[in-house]
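Going by UniProt numbering, 69 is the number at position 69 of the sequence shown; the sequence numbering is gapless. No residue lacks a Cβ here, since even glycine has one placed at the ideal position from N, Cα and C. If you're wondering where the values come from, they're calculated on a predicted model, not measured in any experiment.
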Amino acid sequence: MNKPFLKWAGSKYRVLPHILPLIGTPKRYIEPFAGSLSVALNVVALDYIINDFNKDLISLYKFIIYNHDFINDCEKYFADNNNQVSFYYFRNQFNTSLEPSERASLFVYLNRHCFNGLTRYNKSGEFNVPFGKYKSPYFPRKEMENFISVFAGQSVEFSVGDFANENLYQKLDSSTVVYFDPPYLPLSDTANFSDYATGGFNYDDQVRLRDLAVSLANRGARVIVSNHDTPTARELYSSAQITSINVGRTISAKGTSRKSVKEVLAVWN
1 MNKPFLKWAG SKYRVLPHIL PLIGTPKRYI EPFAGSLSVA LNVVALDYII NDFNKDLISL
61 YKFIIYNHDF INDCEKYFAD NNNQVSFYYF RNQFNTSLEP SERASLFVYL NRHCFNGLTR
121 YNKSGEFNVP FGKYKSPYFP RKEMENFISV FAGQSVEFSV GDFANENLYQ KLDSSTVVYF
181 DPPYLPLSDT ANFSDYATGG FNYDDQVRLR DLAVSLANRG ARVIVSNHDT PTARELYSSA
241 QITSINVGRT ISAKGTSRKS VKEVLAVWN
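So this is what it looks like as structure tokens:
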């Protein structure tokens, strides 16, 4: 399996054996919530359409594919900078920089040095995750090089925006697979650690996503949605074929309560 180079809340790498058989080998693969791309990295398709609300993330993916020296630029930040002073200096530099290449390389540094590898912004759009205090943060050169080998030379379209943007869903047919991995429904009324990008993702968005999934399926595409296995999710996806899987959490809000939870894979077509 191809591993993503970013640490990411909700990464699907550990449950790929459950997801990939549902995807198969489509002609066109669409992933509207890119995240770390752990799924897309392991899908064999002719065309990829990759979208995310987080413009820093998509900018990073473009730089790594189309700029040959970018990996070396990222690695420079890792030397002798695993300390709080450097971290907060670079976090501030990231938040104030208007240079896309600098922001992209600093994003990798922050991802590997911040608490639990989280990506989180305040209401002003500033990255605000604290220092992670890791003994020796890993620089993912191998995974970044592999990312290039998977996507370079392929037909890959990157975009930034809302998951419902109709431009993502042109020329749908039975050879198209759309995989949605949205911010999840809370497991309980008090658990709501799913706002990974400025703007949040509320219940109305979950309903909007479900309606879009049904619409895309009616147009011929196979549609797959991941979410927590809760009564609310099962009600939302009642028109789909639902499979429940156990998932081992690798990133949590508190950083200590890592445990197995159930998720659903809802499939239309």
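Could you tell me which of Asn54, Asn146, Val177 sits nearest to glycine 161, measuring between CA atoms? Asn54
Straight-line Cα distance separating asparagine 42 from serine 36: 12 Å
Residue from Phe127, Lys123, Asn81, Cys74 whose Cα sits closest to the Cα of threonine 96: The residue with the shortest Cα to Cα distance from threonine 96 is Phe127.
List the residues that DSSP assigns as beta-bridge partners of glutamine 154. BP columns for glutamine 154 are empty, so no partner.
With respect to the alpha helix (DSSP H) encompassing tyrosine 109, which residues constitute its N-terminal and C-terminal limits? 100-113
Taking the beta carbon of alanine 40 as the centre, do at least 16 other beta carbons fall within 10 Å, making it buried, or is it exposed? buried
Would you give the residue range spanned by the alpha helix (DSSP H) that histidine 68 belongs to? Careful: histidine 68 lies outside any alpha helix (DSSP H) and carries neither H nor E.
What are the complete alpha helix (DSSP H) segments, minimum 4 residues, inside the stretch 173-248? 203-218, 231-236
Quick one: Cα of isoleucine 251 to Cα of glycine 117, how far? Any reading at isoleucine 251 must be qualified, since the residue scores a pLDDT of 45, below 50, and its modelled position is unreliable; the value itself is stated next. Looking at the two C-alpha atoms, the distance is approximately 8 Å.
Contact the stretch 214-227 vs the stretch 167-180: 3+ CB pairs below 8 Å: yes
Just curious, the beta strand (DSSP E) that asparagine 51 is in, first and last residue? 47-52
Just mark asparagine 67 as buried or exposed, buried being the case when its beta carbon has 16 or more other beta carbons within 10 Å. Burial call: exposed.
Take the Cβ of alanine 45 as the centre, count every other Cβ of all protein chains shown within 10 Å, and call the residue buried at 16 or more, exposed below. buried
Taking 7 Å as the cut-off, decide whether the C-beta atoms of tyrosine 61 and serine 38 are in contact. No, these two residues do not count as a Cβ contact at 7 Å.
Taking the alpha-carbon of aspartate 111 as reference, which of Lys27, Asp56, Ile30 has the nearest alpha-carbon? Checking the displayed sequence, the identity of residue 111 turns out to be asparagine instead of aspartate. Minimum Cα distance to asparagine 111 is reached at Asp56.
Counting pairs of beta carbons, one from the stretch 17-25 and one from the stretch 128-140, are three or more of them closer than 8 Å? no
Report the residue from Phe115, Leu236, Thr232, Glu263 whose alpha carbon sits nearest the alpha carbon of threonine 243. Glu263
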